[in-house]
Amino acid sequence: MSEYRTGLGWDVHRLAPHRPLILGGVAIPSELGLEGHSDADVLAHAITDAILGAAALGDIGMHFPDTDPRWQGAGSLLFLAHARDLARARGYRIVNVDSTVILERPKLTGFRDAIRRQLAATLELDADRISVKFKTAEKVGPVGEGRSAEAQAIVTLRLD
Ligand code: C5P
Ligand code: MG
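As numbered in the numbering used here, the sequence shown has no gaps in its residue numbers, which increase by one up to the final residue, 224.
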C-alpha cells in the first residue's frame, strides 16, 4: 500500500514597473513585473511551499531566508528543485501538481504549455502531471486593481 500526502501552497507578490514577470520560470512580456528579493516567481514559490507542506518540511522562507544575500535575484526554479530533492530524499514521489495564478493582466493562457513544460523539466515529471490555471480577480481588491499577483498550488506526494 502506498501512502499519499497532500500539501498546500500560497504566495503573493506586488506588481511594479521595471521588474520581470516570471511565472513558473517563464518570462512573460508585461508592463509590470513582480517585486521581491528573488526573481519573485509567485507560482514557483507556491508550488515549492506545497511540496514542502506535503512532506512536512517547513516552508520556503525556512530553507531560503530572504535576508540571505545568496538568494538576492535568485531564479526560483532553484528553490523548486531543492524542495523536489528534499522530498525525494525522504522517499516521496510527486504524483501531480495543480495550481492557479491570479493576475488581472496580461492574459496568460498562451503561456500555459511553456510554463507546464518548464515546471515539468524542473520537477523531472511528465507535463501531464502538472496543471496551471489562470484567473483574474474581477477588478476587485489588490489583485483586481493590478497591484499584486497571487498563486495557489496543491501537490500530492506518494511514499511507496
Ligand atoms: O477570471 P476569469 O474567470 O474571468 O478568467 C477567465 C479565463 O481567462 C480563465 O479561465 C483563463 O483561461 C483566462 N485568464 C488568462 N490570464 C489571466 C486571467 C485569466 O488567460 N491573467
Ligand atoms: Mg514569493
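For each residue, glycine too, the CB sits at the ideal point set by N, CA and C. All values derive from a computational prediction rather than experimental measurement.
- Contact annotation: Thr112 and Thr220 have beta-carbon atoms that are not nearer than 8 Å.
- By the Cβ-count criterion, His109 is buried, with 16 or more other Cβ atoms from all chains shown falling within 10 Å of its own Cβ.
- Secondary structure at Leu116: helix, using DSSP grouped into helix, strand and coil.
- When C-beta atoms of the stretch 165-179 are compared with those of the stretch 88-96, three or more pairs fall below 8 Å, so the two segments count as touching.
- DSSP, reduced to helix, strand and coil, places Leu107 within a helical segment of the structure shown.
- Residues Leu223 and Asp224 of the same chain have their beta carbon placed closer than 8 Å to that of Gly155, with the five preceding and five following residues left out of the count.
- Comparing alpha-carbon positions, the option among Pro133, Val196 and Thr200 lying closest to Ser102 turns out to be Pro133.
- Ranking Arg148, Glu99 and Ala138 by CA distance to the CA of Val76 puts Glu99 first.
- In terms of CA proximity to Lys171, Gly210 leads the group Gly210, Ala114, Leu72 and Arg83.
- Close CB contacts of Pro129 within its chain, under the 8 Å cut and outside five residues either way in sequence, are with Trp135 (chain order).
- Per the C-alpha coordinates, the member of Leu116, Arg157 and Gly139 positioned closest to Leu85 is Gly139.
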